[in-house]
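Quick notes on the structure that follows.
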Amino acid sequence: MTKKEKVNFVINTLYKLYPEIPIPLDHKDPYTLLIAVLMSAQSTDVRVNQITPLLFEQADNPYDMVKLTIDEIREIIKPVGLSPMKSKGIHGLSQILIEKYNGKVPQTYEDLEALPAVGHKTAAVVLSQAFGIPAFPVDTHIHRLMYRWNLTNGKNVVQTEKDAKRLFPEELWNDLHLQIIWYGRQYSPARGWDLEKDIITKTIGRKSVLDAYYKSKKS
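Residues in the sequence shown are numbered consecutively from 1, following full-length UniProt numbering.
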């Protein structure tokens, strides 16, 4: 199977499995999405979706958020982890949005990544999911699957993003990154992996990955 055939197989399989694609993080606008994505670092979407309603009940816009103290924000979001850093980021970026952008979330990588606690992946998610701008945010699921599928060398997420953008059509990026995340969670997890259910990896997977899987099953 050529690289192009592998890419087409991935696209076709994912669209059959996920013709409608749910957004993992609950939000109502670009600001609440930005805060939710920031909170999701080294946490789970399930946990974040449990906590964001408590935070957004108090403040769901930057003007109300800056009325809270950093300590008040930290107390609310403590269950998602890294609350000292995240609470400072949430308060700080809210202040900048008010002062520099009239309370609106900017729509460029440069402006988003200049905000406190906002990295490249967070910026990419916001551009993609809030504004429909083509982006390919790479999380642990996408990084793992692109390597398993032999579509990247797996050295780092920066290279994985470059490879994904090079291989997949730009008009599909926003759908595909979500479809791959859902597929990784349901069919190709890091732990408890059952290759028989993972049709994509079973069909196009990297030989070393497949060999390692079967070896682990024999031991």
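We put the CB at the ideal spot given by N, CA and C, even for glycine. Because the structure is a prediction, the values reported are computed rather than measured.
Quiz item: Unbroken alpha helix (DSSP H) runs of length 4 or more, entirely within the region 63-133: which are they?
Solution: You should have 70-77, 83-101, 109-113, 120-131.
Quiz item: Is the number of C-beta pairs between the region 200-215 and the region 132-149 that are closer than 8 Å three or more?
Solution: Counting C-beta pairs with one atom in each stretch, the region 200-215 and the region 132-149 have three or more that are closer than 8 Å, which means they touch.
Practice problem: Ignore the nearest five residues each way along the sequence and tell me which others in Leu-93's own chain have a CB closer than 6 Å to its CB. | Solution: Against the sequence shown, residue 93 aligns to sequence position 93. Excluding sequence neighbours, Leu-93 sits near Leu-115, Pro-116.
Quiz prompt | Local conformation of Pro-169 per DSSP, three classes | solution = Start at 1 with the first residue of the sequence shown, and residue 169 comes out as number 169. Coil.
Quiz prompt | Beta-carbon separation (whole angstroms), Leu-17 vs Tyr-183, contact threshold 8 Å | solution = As a working mapping, residue 17 is identified with position 17 in the sequence shown. As a working mapping, residue 183 is identified with position 183 in the sequence shown. Contact annotation, Leu-17 with Tyr-183: C-beta distance approximately 7 Å; criterion of less than 8 Å satisfied.
Quiz prompt | Residue burial classification, Lys-197 (beta-carbon count within 10 angstroms, cutoff 16) | solution = Within the sequence shown, residue 197 is the residue found at index 197, counting from 1. Burial call: exposed.
Quiz item: How about Lys-155: is its C-beta nearer than 8 Å to some C-beta of chain B?
Solution: Note that chain B does not occur in the displayed structure, where there is just one protein chain.
Self-check item: Same chain only: Cβ atoms within 7 Å of Asp-163, ignoring 5 sequence neighbours per side
Solution: On the sequence shown, residue 163 is found 163 positions in, with the first residue counted as 1. Taken in chain order, the residues that qualify are Met-146, Leu-151, Thr-152.
Quiz item: Of the choices Pro-134, Pro-169, Tyr-214, Ile-77, whose alpha-carbon is the least far from that of Asn-49?
Solution: Residue 49 sits at position 49 when you count from the first residue of the sequence shown. That would be Ile-77, whose Cα lies nearest to the Cα of Asn-49.
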